[in-house]
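Read in order, the letters of the sequence shown are residues 1 to 1006 in this note's numbering. Here is the structure we will look at.
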Amino acid sequence: MILSYLKTPKVAIYAVGISGFVLSSCSIFTEDFEPQSQATPPVSSQNLGDVYFEPLPLDHEPLQQPDTKTLRDRYQALLTLVGDPKTREVAAYRLADLEGLVAEAQLEEGAALQSSNSKAVESQLFGATIQRYQELLNSNPDHENSAEVLYQLAKAYEQQGLTEQSYQALEELAIQFPDFPYLAEAYFRMGEAQFNLGNYLSAISNYEQVINLGAQNPNFATAAYMLGWSYFKDEQQPQALSAFSQLLDHTLPNEVIAESMLSQVDSQAQIERLPVGKKRLVKDTIRIMSLLFSYQDSLFTEPAASIEEHFAGIGPRHYEYVLYDALAQHYLNNDRYRDSAKAYKAFSELHAQHFQAPIFAVKQIDAYILGKFPTLVLPAKEAFVLRYGVAGDYWTQWPVVLQEQVAPYLNQYLQELAQFEHSRAQLLGNASKGDTGQNFEASSQELLQQSVTAYLNAATWYQQFIDTFPRDPQAPEFLFRLGESYFAAKQYVKAIEVFETYAYKPSYGIDYSLKGYPKAAEAAYLTLLSYRELMASPIGMAQEEQSIWLEKQLESQVDFVTEFADDPRALDVLHTNIQQLFLLNRYENAISNAQLLLEWQPQANADKVLASHLVMAHSYFALLQYAAAESKYETILQVLSPEDLRRLDMQERLAASIYKQGEENIRLNFLPLAVNDFLRVIAKTPNSTIRLNAQYDAASHLLQMKDWQQAIGLLEDFRRRFPTHELTKNIPEQLILAYQQNENWQQAADELLVLHRANPQSEEGRQALYVAAGYFYKIDNREQALNSYRTYAHSYPLPFAEANEARFIMSEFYLKSNEASKRRFWLNKLILADNQAQQQANMQRSDRSRYLAAMASTVFAQDKLYNYKVIKLTQPLKTSLAKKKAALTQALDAYNQTLAYKIEEFSTAANFSIADIYHQLAKDLMDSSRPANLNELELEQYELLLEEQAYPFEEKAIDIHETNAQRSWNGVYDDWVQESFQALQILLPGRYNKLEKASEVTDEIY
């Protein structure tokens, strides 16, 4: 505590001459007071002393300064000599001051304040001083210097330890002299007195008087300090804090700083630059304030909330962080580590933009470490990185200086966080597989998910480290671990990006641009594994996106083979690339890379070599380069052992490559070459499945080339080899064609019969039977032809035309074999069929059917005519004539039916026959037998009667013959028209049997 008075000016006494003194006034107030010079009186006013001490010449050598006690004694002696009141007054004031100085000097030398057991003033060290000042006040209470005298009296009392008297003197001073320049000091001393006596409320009142006198008075800071203590002692903690804040505001001014810049002021540096006394005062104030804030913990839920509330009341101060730091240190000193950490955290969160916020966050972490709270350390470091790292809200806003200040902590914490999460992820991953031997409450699936989360957390820290410290030597290693974390978390897209950067674009850490990172090959290979995993399950990936990633995967494989050709895995990568290119139909690239593998040194193993040959062969085949494919497949067959099960497949592919050459030649219309290719399939791969197609196609194209005999041979062989094959069903048709074209009618008919029997109800079967019957008929194989036509005619009434022809041919067969009844059976079928067709439109009656029906009708009419002609007119005539007429009627009806068909050929025959019937009847009447008992007259009359009956029939015959002959006028002059003309020559010789006379006429001009 500061209990001493402020230093007052010393009395300056100058000696003039050896035995005299020149008294010069001195100020007892402040160093600013001007000394009051005592002028030398004029001669007229000189007294004895003035005259006695004549002035001597000035000696410029410095005079020896007398000690204070000597000066006091001389002033005391002088006081008895001087008679002038004014001078005595000055001397008395000086003497009082000198008494005080002497006492102070003695006190400093260790003199006791009380020289004896007596309590008299004279026995006290400052007794003379006190007595002198009291005498001055008593002798002249209204003197202009009374205020200063009271002040010095109070001081003397204080120095003597008479606190109550000192306080009374000061109180009197404050009351009587409110404008006293040292009033603030007076109140301050009064406050000290009350404070020492434990009268804190009174002390508070006096200290507040000092404060109220303004910050310009030199006692302001100390008064504020003591005011704070007074409040503290009186248990008024909020008021104490306000008072202490006044001290800090005075010593560390806030007003000269813009509020927006408060967070950037280094208050601690200001404190350190203070003079020692002020610095001690400020630091002690900060200490006691931290203590006060800690006392208020019970009023708040969180440590340091009291500080927040305090400054919420008085407004922001630039030195707030110093108090937070002091409070946190206070907690640390008392082993309250968590409270210390919370205090640091409270400031860093409340004043996030403050330049000390990140430092306090570090101190928070250190508090957890000191308190051995490992479970709190890591989250705090994580929070620090999130808040103050490059991804946080503050890094980009900070000046470089602050970034450099925080960077070491970020570097350390990021490494620790990343390594912790990485290790934790590995542990959880192993635990999910049951590989750790530890027991976890979570299920395997939950552990796996936690492992993924930990890997992603590690990736976050690795990435931040790299972004923050790209030139750090650890950056490349962390870049690699970043890729590993993404890969383990199945974030393959990000893993690819990271691994590719590490493998092919070294740009972090020290300069690796020339030689690359040490794990470049491993990173490149992990890139490939990432692509493989990504493409293995492209869930939620659009087709276009899949295509893009696939292209990148292929490029990455090529990059690996190119950049890391010495890596033992390069050959495997190339092999995989070849297979993948082939599966993607990138056949040109697949062939190129397969050739590269075949040329690889050292040579690849036999399996990879064979695989490359296979890819090349398949790719050539897919590119329609079938000759090249054939060559490669033959190479593969040479490599494979006879026992290798793959030989069958290669033979099939060889056959396909040759077969495809044949197809290409067909496309180019090079049929002979195509047939040759198909025959090469049969020759080189006789047991291949394609041989079947090749043989069939060869035969088909031989048919097209009209090489019937070779085609027949292949088709017949095909049917023998592959009797149950689907294509065999088509063989009969092709053989039929070949047989027909080669005029092998019997074989063609036999095939047709087979075709018919296979499916007699089908249209194909019907046609086959009809054509077969025709071929049998063609080669005069009567038996098979007859059987075939008979079957057809009985089985297929439709189509009508073919059925009718079959009936006709059947009738013709029986005509030739002279089997009249069988013939007439089929002729009657022709008539019935035509009648049915006439009645049913769907049967499509035709001219041919009418013709055949007319023909058949003619035959039946001829039969009637024959029956008619064989009947002779005999006696009794009436009976035979009736029979004859009945036959005549039947014949006429039959021929009329023929005429109804209106077929010219059979109509003329029918007309002729009808006329002939009538002529025959007339003739038969005339040639009939006469009754035997007739006389000559009766016989003559009988003859006349016969003629009368025969004549109409003859006339009828003539009319019909003439009608028939008249057809010639319309251009019809067939055999039956000619027969009618011949008949008319006999019946009407005068008209139709005239001989033509030819005459030769010559037209001449004379």
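In this text, a Cβ means the ideal position worked out from N, Cα and C, and glycines have one as well. Here the structure is a predicted model, which means the values were calculated and not measured.
Leu-241 sits away from Tyr-225, with the two beta carbons spaced by 8 Å or more. In this structure, the CA atom of Met-705 is about 8 Å from the CA atom of Leu-671.
With contacts defined by Cβ atoms closer than 8 Å, Ala-629 and Ala-611 do not form a contacting pair. Residue environment analysis places Tyr-901 among the buried positions, since at least 16 neighbouring C-beta atoms fall within 10 angstroms of its C-beta. Of Asp-834, Ala-854, Met-855 and Glu-555, the smallest CA-CA separation from Arg-845 is found for Asp-834.
Check the Cα spacing between Phe-180 and each of Ser-631, Ala-147 and Phe-188: the tightest is with Ala-147. Listed as beta-bridge partners of Gln-124 by DSSP are Gln-114. For Pro-876, there is no enclosing alpha helix (DSSP H), since its DSSP letter is neither H nor E. Counting C-beta pairs closer than 8 Å gives fewer than three between the stretch 897–911 and the stretch 928–939, which falls short of the contact rule.
When the beta-carbon positions are compared, Asn-254 and His-318 come within less than 8 Å of each other. For Val-210, the three-state secondary structure derived from DSSP is helix. For Asn-781, the closest alpha carbon among the candidates Arg-766, Gln-160 and Ala-748 is that of Ala-748.
Residues Ser-263, Gln-264 and Leu-402 of the same chain have their beta carbon placed closer than 7 Å to that of Phe-355, with the five preceding and five following residues left out of the count. Classified as exposed, Glu-948 has fewer than 16 neighbouring CB atoms from the shown chains inside 10 Å of its CB. At a Cβ-Cβ threshold of 8 Å, Ser-619 and Phe-582 count as neighbours. DSSP places Leu-727 within a helical segment (H, G or I) once states are collapsed to three.
Cβ neighbours of Ala-475 within its own chain (closer than 8 Å, five residues either side excluded): Phe-465, Ile-466, Phe-469, Tyr-508 and Gly-509.
Leaving aside the five residues that flank Arg-967 on each side, the residues in its chain whose CB is nearer than 7 Å to its CB run, in chain order, Thr-908 and Val-977. A residue is called buried when at least 16 other Cβ atoms come within 10 angstroms of its Cβ; Met-855 meets this threshold and is buried.
Cβ-Cβ separation between Asn-199 and Tyr-187: approximately 14 Å, too far for a contact (criterion under 8 Å). Looking only at Lys-490, Val-493 and Phe-480, the smallest Cα-Cα distance to Lys-505 is reached by Phe-480.
Two segments are said to touch when three or more pairs of C-beta atoms, one from each, lie closer than 8 Å; by this definition the stretch 419–437 touches the stretch 481–490. Taking a contact as a CB-CB distance under 8 Å, the pair Ser-485 and Ala-458 counts as one, their CB atoms being some 5 Å apart. Nearest neighbour of Ser-762 by Cα position, chosen from Glu-783, Gln-941, Pro-799 and Ala-738, turns out to be Pro-799. Collapsing the DSSP output to three states places Asp-924 in a helix. The three-state secondary structure of Arg-845, taken from DSSP, is coil. Annotation: the stretch 780–811 contains the following complete segments of the alpha helix (DSSP H) (minimum length 4 residues), in chain order: 782–795.
The DSSP-derived three-state label of Asn-140 is coil. Around the beta carbon of Leu-827, 16 or more other beta carbons lie within 10 angstroms, which makes this residue buried.
Shown here for Ser-530: same chain residues with a beta carbon closer than 7 Å to its own, the five before and five after excluded, namely Phe-487, Tyr-492, Ala-495, Ile-496 and Phe-499 in chain order.
When the Cα atoms are used, Gln-838 and Lys-829 turn out to be separated by approximately 14 Å. Minimum Cα-Cα distance from Leu-456 among the listed residues Asn-589, Arg-991, Gln-134 and Glu-421 corresponds to Glu-421. Leaving aside the five residues that flank Arg-691 on each side, the residues in its chain whose CB is nearer than 8 Å to its CB run, in chain order, Ala-655, Val-681, Ile-682 and Thr-685. Our two residues, Glu-938 and Ala-922, have alpha carbons roughly 20 Å apart in a direct line. Gln-176 sits in a helix when the DSSP states are folded into three classes. For Val-149, the three-state secondary structure derived from DSSP is helix.
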